[in-house]
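Below is one structure, written out as structure tokens, with a few remarks after it.
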Amino acid sequence: NKLVLTLFSLLFKGQNPFSPTLSLSLLPLCFSTAPLLFFCFSPLQTLPPSLPPANCQRLALSDHVLVTSQDTSINTVVSFSCDQGYTLNGDRALACLSTGVWNGTAPSCTAPTNCTRLTVSDHVLVSSQDTSINTVVSFSCDQGYTLNGDRVIACLSTGVWNESAPSCTKPTCPKLTLSSHVTSSSGNNSVHAVVMFSCEDGYTLDGDKQITCREDGTWSNSPPSCSSPPSFQSQKDDNASNVGAIVGGVIGGILVILLIVVATAIIFWKMSSRYSKTGYSNIRMRRADDRIELFADEDGDADEPLYSAEPTEDDAQLDL
Numbered sequence: 003n004k005l006v007l008t009l010f011s012l013l014f015k016g017q018n019p020f021s022p023t024l025s026l027s028l029l030p031l032c033f034s035t036a037p038l039l040f041f042c043f044s045p046l047q048t049l050p051p052s053l054p055p056a057n058c059q060r061l062a063l064s065d066h067v068l069v070t071s072q073d074t075s076i077n078t079v080v081s082f083s084c085d086q087g088y089t090l091n092g093d094r095a096l097a098c099l100s101t102g103v104w105n106g107t108a109p110s111c112t113a114p115t116n117c118t119r120l121t122v123s124d125h126v127l128v129s130s131q132d133t134s135i136n137t138v139v140s141f142s143c144d145q146g147y148t149l150n151g152d153r154v155i156a157c158l159s160t161g162v163w164n165e166s167a168p169s170c171t172k173p174t175c176p177k178l179t180l181s182s183h184v185t186s187s188s189g190n191n192s193v194h195a196v197v198m199f200s201c202e203d204g205y206t207l208d209g210d211k212q213i214t215c216r217e218d219g220t221w222s223n224s225p226p227s228c229s230s231p232p233s234f235q236s237q238k239d240d241n242a243s244n245v246g247a248i249v250g251g252v253i254g255g256i257l258v259i260l261l262i263v264v265a266t267a268i269i270f271w272k273m274s275s276r277y278s279k280t281g282y283s284n285i286r287m288r289r290a291d292d293r294i295e296l297f298a299d300e301d302g303d304a305d306e307p308l309y310s311a312e313p314t315e316d317d318a319q320l321d322l
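Shown next as structure tokens:
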């Protein structure tokens with residue numbers, strides 16, 4: 003018996019040749035066992051359609067790698083970065099293709115070995131240019147400048163400096179605030195600057211004529227002020243007050259002298275009247291041991307004074 007395979011073929015069904023539904027068809031298979039006698043059968047097989055992938059596999063990330071998203075959907079794009087101080091090795095972004103695979107592998111991050119090189123401003127002096135991990139550097143300024151910031155910083159294990167580098171500035175004194183009618187020679191407030199002051203015409207300066215800006219950024223003294231001259235009326239009032247005080251003093255002195263003279267005269271008058279009644283005809287005065295003594299003579303000299311007292315300034319002018 004002779005088996006003859008006559009024909010078979012593969013056909014895609016449908017008008018779209020790229021349709022995901024694929025069918026495999028077999029044309030009739032025929033064979034003969036005798037001349038002019040054929041046996042044929044036509045089996046038909048249809049393969050199930052293949053479905054597109056829904057997403058990509060979840061990415062496996064190494065330590066210190068940061069990813070923007072955990073989405074694994076088709077056409078998703080994710081970006082990568084590293085913890086501070088670490089260095090990225092590989093692609094910074096990956097995409098999930100329509101075939102369900104990523105277009106690359108996830109990157110890795112390596113530990114830092116040093117910090118970035120320090121950028122220092124003018125007039126800043128640094129102790130070392132070493133940027134290795136755990137390095138400590140110190141800063142200072144050129145003479146006459148002031149440091150603004152930390153004097154010491156360190157390179158951390160994360161590869162970053164714990165602080166920024168400081169700066170150096172030239173110190174200045176605060177801007178001067180002048181009172182009314184005061185003028186200054188300049189507005190310079192730098193170190194060692196000398197500022198002189200004066201007043202407008204007719205005003206008097208109260209305070210230092212000049213001050214200096216010291217190295218610590220402070221002025222040697224406060225700015226002066228200017229006082230206005232006294233008015234004509236106030237001068238007139240002052241003069242009148244002075245004249246009144248002088249006149250009052252003179253009149254008061256004269257009154258005191260008159261009172262002393264009157265009192266002395268009354269005393270002598272009373273004494274004269276008294277001793278004239280007792281028979282004393284003559285009264286005489288004598289100074290003895292800084293005292294004034296009165297004597298009465300009756301037919302001769304009296305040894306004992308009738309009156310004795312300490313003299314006053316006006317008694318020296320009395321002539322009895």
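Each residue of the sequence shown is one higher than the last, beginning at 3 in the working numbering.
For each residue, glycine too, the CB sits at the ideal point set by N, CA and C.
- Assignment of beta-bridge partners to D208 by DSSP yields S227.
- Each of D124, L127, L120 and N105 was checked against the Cα of T133, and the nearest Cα belongs to L120.
- Inter-residue distance for C143 and K172 is about 10 angstroms (C-alpha atoms, whole angstroms).
- For a cut-off of 8 angstroms, the C-beta gap from T74 to R60 is around 6 angstroms, short enough to register as a contact.
- Here L127 carries a strand assignment [DSSP, helix/strand/coil].
- In the same chain as G87, and ignoring 5 residues on each side of it, the C-beta atoms closer than 7 angstroms to its own belong to P114, T160, G161 and V162, in chain order.
- Between the alpha carbons of L207 and A247 lies a gap of roughly 31 angstroms.
- In the DSSP secondary-structure assignment, V196 is bridged to T214.
- Distance from the CA atom of S123 to the CA atom of S169, rounded to whole angstroms, is 6 angstroms.
- In the three-state reduction of the DSSP assignment, A95 falls in the strand class, which pools E and B.
- Contact holds between the region 181-199 and the region 210-217, because three or more Cβ pairs, one in each stretch, are under 8 angstroms apart.
- Per DSSP, reduced to three states, the secondary structure at S243 is helical.
- Rounded to whole angstroms, L261 and V252 show a C-alpha spacing of 14 angstroms.
- For S134, no beta strand (DSSP E) run applies, since DSSP gives it neither H nor E.
- Within a 10 Å sphere around the beta-carbon of P55 sit fewer than 16 other beta-carbons, which makes this residue exposed.
- In the DSSP assignment, V103 falls outside any beta strand (DSSP E), carrying neither H nor E.
- The alpha-carbon of N150 is positioned some 21 angstroms away from that of T118.
- Under the three-state reduction of DSSP, I76 is assigned to coil, being neither helix nor strand.
- Under the three-state reduction of DSSP output, A113 falls in the coil class, being neither helix nor strand.
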